[in-house]
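Numbering (the working numbering), first residue to last: 432 to 683. Just so you know, even glycine gets a beta-carbon here, dropped at the ideal spot from N, CA and C. These notes are about the structure you will find just below.
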């Protein structure tokens, strides 16, 4: 099981230069994610959700404030932080186990340990028997499982998920939400999910961070004090959904 990291974001602001003018994207974001916590982030398009993930993973460096993992400022990318995007981004000329092994490319481990870890993570995402399959032979859901395994194989402290199921049909999406919850419990790491889907956010998250746009700010953090597994038809689940949706309407 991986070590679960503590993420602290303090007074974070970010802007881009557009035609010589400053365009604020994030403003005064302060958020703490505790070890092993599952946090969902929701907000309309343009509120900076994906930019926030890019800052956490280390793909963006120019910002004000602080982004700390276990008390250390994040500088550049690292195996401590894995990320899964909406597009699986698998290499079509590599098979399943080869795509997953890319997550260990820079890991200082003996080759035998790497091979064992790849096998373990293929089993973790339920793809045993598909080790030699190529991306064109997989469904969209299976391809996303490979992407999740690739992000987890290096045993990161934090896994970031940027709309990972957004391109999938509703049935596959619901099934993979269940699978992601199972993987979270099995791995015990900190997970941060960005999504447009309020139901998905409430189904998975222990708390839901609601952002508002231009520039992106945290409107409210809504706790979801429901036990797992969650019943989407229960009164408590629908109450939590309504509480989050009310923030979008500005009526809470």
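Problem - Span of the beta strand (DSSP E), counted from its first residue to its last, around residue 442 - result: By 1-based counting over the chain shown, the position of residue 442 is 11. Residue 442 -> beta strand (DSSP E) spans 438 to 449.
Practice task
Compute the distance between the beta-carbons of residue 520 and residue 488, then report whether it is under 7 angstroms.
Solution key: The residue labelled residue 520 in the question sits at position 89 within the chain shown. The residue labelled residue 488 in the question sits at position 57 within the chain shown. No, the Cβ-Cβ distance between residue 520 and residue 488 is not below 7 angstroms.
Exercise for the section: Please classify residue 666: does DSSP put it in a helix, a strand, or coil? Expected result: To locate residue 666, count along the chain shown from 1; it is residue 235. For residue 666, the three-state secondary structure derived from DSSP is helix.
Problem - DSSP state of residue 512 mapped onto helix, strand, coil - result: Start at 1 with the first residue of the chain shown, and residue 512 comes out as number 81. The three-state reading of DSSP puts residue 512 in strand, counting E and B together.
Exercise for the section: Take residue 630 and list the residues in its own chain whose beta-carbon comes closer than 8 angstroms to its own, dropping the five residues that flank it on each side. Expected result: Walking along the chain shown from the start, residue 630 turns up at place 199. Excluding sequence neighbours, residue 630 sits near 663, 672.
Handout entry: Residue range of the unbroken alpha helix (DSSP H) whose run includes residue 609
Key = Against the chain shown, residue 609 aligns to sequence position 178. Counting along the chain, the alpha helix (DSSP H) containing residue 609 begins and ends at 601 to 618.
Problem - Local conformation of residue 676 per DSSP, three classes - result: Numbered from its first residue, the chain shown carries residue 676 at position 245. Of the three classes helix, strand and coil, the one that applies to residue 676 here is helix, per DSSP.
Problem - With 16 other Cβ atoms within 10 Å as the buried cut-off, status of residue 462 - result: The residue given as residue 462 occupies position 31 in the chain shown. A residue is called buried once 16 or more other Cβ atoms fall within 10 Å of its Cβ, and residue 462 is buried on that count.
Problem - Local conformation of residue 453 per DSSP, three classes - result: Translated into the one-based positions of the chain shown, residue 453 becomes position 22. Here residue 453 sits in strand by DSSP.
Handout entry: Sub-7 angstroms separation of residue 500 and residue 438 beta-carbons
Key = Reading the chain shown from its first residue, position 69 is the one you call residue 500. Reading the chain shown from its first residue, position 7 is the one you call residue 438. Residue 500 places its beta carbon less than 7 angstroms from that of residue 438.
Handout entry: Assigned exposure category for residue 575 - 16 Cβ within 10 Å defines buried
Key = Working through the chain shown from its first residue, we reach residue 575 at position 144. Buried: at least 16 other Cβ atoms inside 10 Å.
Problem - Cut-off 7 angstroms between Cβ atoms - residues of its own chain near residue 535, not counting five sequence neighbours on either side - result: For the purposes of this step, residue 535 is identified with residue 104 of the chain shown, where counting begins at 1. Taking residue 535 as the centre and dropping the five residues before and after it, the same chain places the C-beta of 545, 548, 584, 585 closer than 7 angstroms to its C-beta, in chain order.
Practice task
Report the rounded CA-to-CA distance for residue 475 versus residue 542, giving the unit in angstroms.
Solution key: Counted from its first residue, the chain shown places residue 475 at position 44. Counted from its first residue, the chain shown places residue 542 at position 111. About 44 angstroms.
Problem - Reduced DSSP secondary structure (H/G/I, E/B, other) of residue 553 - result: Taking the chain shown and counting its residues from 1, one reaches residue 553 at position 122. Helix, per DSSP.
Practice task
Please say whether residue 640 and residue 472 have beta carbons closer to each other than 7 angstroms?
Solution key: Within the chain shown, the letter at position 41 stands for residue 472. Within the chain shown, the letter at position 209 stands for residue 640. At the C-beta level, residue 472 and residue 640 come within 7 angstroms of one another.
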